[in-house]
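J.:
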Amino acid sequence: MPSPVRVRFAPSPTGFLHLGGARTALFAWAYARHFQGKFILRIEDTDRERSTQVATQAILDSMAWLGLNYDEGPFYQMQRMPRYCEVIDDMLARGLAYRCYMPTGELDALREAQMARGEKPRYDGRWRPENAAGKTPPTGVAPVIRFRNPDGGAVAWDDRVKGHIEFANDELDDLVIARPDGTPTYNFCVVVDDIDMRITHVIRGDDHVNNTPRQINIFRALGFEPPVFAHVPTVLGEDGQKLSKRHGAVSVTEYDDAGYLPEAMINFLARLGWAHGNDEVFSPQEFCEWFDLDAISAAPSRFNIDKLRWLNQEHMKRLPPETLGQRLLPFLEKEKLDVAAGPPPAAVAELFRERTATLIEMAQAARFFYTEVAPDETLLAAQIQPANRAALEELFALFETLPWNRESLNAALKDASKQHGLKPPQIMMPMRALVAGTLSTPAIDAVLTLLGREKTRERLRAGLRL
Ligand code: GLU
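For my numbering, count along the sequence shown from 1 and bump the result up by 23.
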């Protein structure tokens, strides 16, 4: 029986969760779900200066919005300090780590000399136990603790995205695992956590590739086989540059505020660097069913707002009208519309989902159902001409008793245009201007049906000055 899959998402709460981070979270979550494993959330908050509670909350909110539910955690690294210190003490006792008393100035001088010789700057191991024998630690220098990296050979792994990666051990110097004040360092905490949390797969951004060989060496020194690694490539902006605020380097929750559905966002993020045949529109459940690491592309992917808009509309079309109406409701309220005074949001959503790409656009397009309209005078003057005025007035009268449904409204509009020798748009366009204050509405018979007899007649009376 293979060990159950355990995947973690380990954000540093130094900012909001942007698209790149959300995509990493999504892949980790989907992998766990695909294999019926566990998804663990770990907040890596040891950078005390840059970590904030606000950022932590923003990450939790973003994950909740996307529906990336976790089975364990959130664990906070700051709450695990005693555990890290315990492991450090154990490593010191077993000779896996040692105290290094090299003053910062001396280390800087060493680096400069190495660089002057054209060498890569690296700590030379002068406080390794075998080199420090008989040396007296200088007074007044609080030591750092270094991990004793293996000498010679290479450290390698088969990355599930990037393929075989190998680093020569001689390129890695002895990593500082605790600072002079005793606080453990980032790469070390990650390993202790991944061991304690029994992580089987590490799926993370490829900005961490250089940390991986150091982490693998610490895993092995502690007697554990490292997990499987999958380093996912960066998400770039539309122009191929690093994501900037203009295109995506904003909190994913801003897409919530902008009227995107989480289903669409998941679909969009999933397609950033992953594909399943020609499938473009899929549900989060389908994604979890299909997702595997092998199909992740090793090349960076690009953010594309048109794609996101398209997917959002596709997902709006897929939702049952009732559900879409519920999603629309807060956006109508944000427009300060009196929702009770107009048609049910579900009916409005059904009418507009073919025409709008976001819930905000839908709420804005639907304003006229919920609020008074004051059509522009020039629009009315252009639409209501001597040629069609009589027909419109007749319709106003007819609407008092006409059965109020799409079929009869449609027939009435067509009849009126025919009888007056007009083309249907010569009636339908002014009708739109009168009841909606705009020429761009869904089918006018559907609009009138939803608007209702009373409001329709009120607006005709006002616009036609009857
Ligand atoms: N805390 C790291 C970050 O936010 C991720 C570390 C990891 O996944 O190993 O970039």
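Built from N, CA and C at the ideal position, the CB exists for glycine as well.
#1: With a threshold of 8 angstroms on Cβ separation, who are the neighbours of residue 187 within its own chain once the five nearest residues in sequence on each side are excluded?
#2: Quick check: residue 435 and residue 421, are their CB atoms within less than 8 angstroms of each other?
#3: Could you give the distance in angstroms between the alpha-carbon of residue 153 and the alpha-carbon of residue 38?
#4: Around the C-beta of residue 67, are 16 or more other C-beta atoms found within 10 angstroms, so that it is buried, or is it exposed?
#5: From the DSSP output, in three-state form, read off residue 261 for me.
#6: For residue 490, does the three-state DSSP call read helix, strand or coil?
#7: Taking residue 33 as the reference, give the member of 79, 451 and 462 with the closest Cα.
#8: Using the three-state DSSP reduction, which class does residue 170 fall into: helix, strand or coil?
#9: What are the residues that DSSP puts in a beta bridge with residue 182?
#10: Beta strand (DSSP E) containing residue 64: first to last residue?
#11: Would you report the Cα separation of residue 385 and residue 351, rounded to the nearest angstrom?
#12: To which residues of the same chain is residue 190 closer than 8 angstroms at the C-beta, ignoring the five residues directly before and after it?
#13: Taking the beta carbon of residue 357 as the centre, do at least 16 other beta carbons fall within 10 Å, making it buried, or is it exposed?
#14: Assign residue 158 to one of two classes, buried (16 or more other C-beta atoms within 10 Å of its C-beta) or exposed (fewer than that).
#15: Just checking: is the beta-carbon of residue 413 within a distance shorter than 8 angstroms of some beta-carbon in chain B?
#16: Take residue 488 as the anchor and find which of 307, 341 and 400 has the nearest alpha-carbon.
#17: Could you check whether the Cβ of residue 225 sits closer than 7 angstroms to any heavy atom belonging to the ligand GLU?
#18: For the alpha helix (DSSP H) that contains residue 417, what are its first and last residues?
#19: Below 7 angstroms, is the gap between the Cβ of residue 231 and the nearest heavy atom of the ligand GLU?
#20: Just how far apart, CA to CA, sit residue 63 and residue 376?
#21: To the nearest angstrom, how far is the alpha carbon of residue 402 from that of residue 340?
#22: Just to confirm my understanding: we take residue 146, look at its own chain, exclude 5 residues before and 5 after, and list those with CB closer than 8 angstroms. What are they?
#23: May I have the straight-line CA-CA distance separating residue 325 from residue 204, to the nearest angstrom?
#24: Give me, in chain order, the residues of the same chain whose beta-carbon lies closer than 6 angstroms to that of residue 499; leave out the 5 immediate sequence neighbours on both sides.
#25: In this structure, what does DSSP give as the bridge partners for residue 225?
#26: Quick one: what does DSSP say residue 384 is sitting in, helix, strand or coil?
#27: Exposed or buried, residue 100, counting other C-beta atoms within 10 Å across all chains shown (16 or more means buried)?
#28: Can you tell me which residues form a DSSP beta bridge with residue 345?
#29: Just to confirm, are residue 89 and residue 319 a CB contact at a threshold of 8 angstroms?
#30: Is any non-hydrogen atom of the ligand GLU found closer than 7 angstroms to the C-beta of residue 320, if you look at the structure I gave you?
#31: Name the two residues that bound the continuous alpha helix (DSSP H) containing residue 310.
#32: Skipping 5 residues on each side, what residues in its chain have a beta carbon closer than 6 angstroms to that of residue 365?
#33: Does the Cβ of residue 153 lie closer than 7 angstroms to at least one heavy atom of the ligand GLU?
#34: Does DSSP put residue 93 in a helix, in a strand, or in coil?
#35: For the ligand GLU, any of its heavy atoms closer than 7 angstroms to the Cβ of residue 67?
#36: Which parts of the region 114 to 142 are runs of the beta strand (DSSP E), unbroken and 3 residues or longer, counting only runs that do not cross its ends?
T.: This is what the structure gives:
#1: 179, 180 and 181
#2: yes
#3: 43 angstroms
#4: buried
#5: coil
#6: Because residue 490 is not part of the residues shown, which for the chain are 24 to 489, the question remains open.
#7: 79
#8: strand
#9: 186
#10: 61 to 66
#11: 8 angstroms
#12: 177, 178, 179 and 236
#13: exposed
#14: exposed
#15: No chain B appears in the structure shown, which is made up of a single protein chain.
#16: Nearest Cα to residue 488 within the set 307, 341 and 400: 400.
#17: yes
#18: Counting along the chain, residue 417 sits inside the alpha helix (DSSP H) bounded by residues 409 to 421.
#19: yes
#20: For residue 63 and residue 376, the distance between alpha carbons rounds to 37 angstroms.
#21: 32 angstroms
#22: 123, 125, 130, 133, 169, 196 and 197
#23: One Cα belongs to residue 325, the other to residue 204, and the distance between them is close to 42 angstroms.
#24: Shown here, the chain extends from 24 to 489; a query on residue 499 therefore has no answer.
#25: 252
#26: Per DSSP, reduced to three states, the secondary structure at residue 384 is helical.
#27: So residue 100 counts as buried.
#28: For residue 345, which the question treats as bridged, DSSP gives no partner whatsoever.
#29: no
#30: no
#31: 307 to 313
#32: 392 and 393
#33: no
#34: coil
#35: yes
#36: Listed in chain order, the complete beta strand (DSSP E) runs (minimum 3 residues) inside the region 114 to 142 are 120 to 123.
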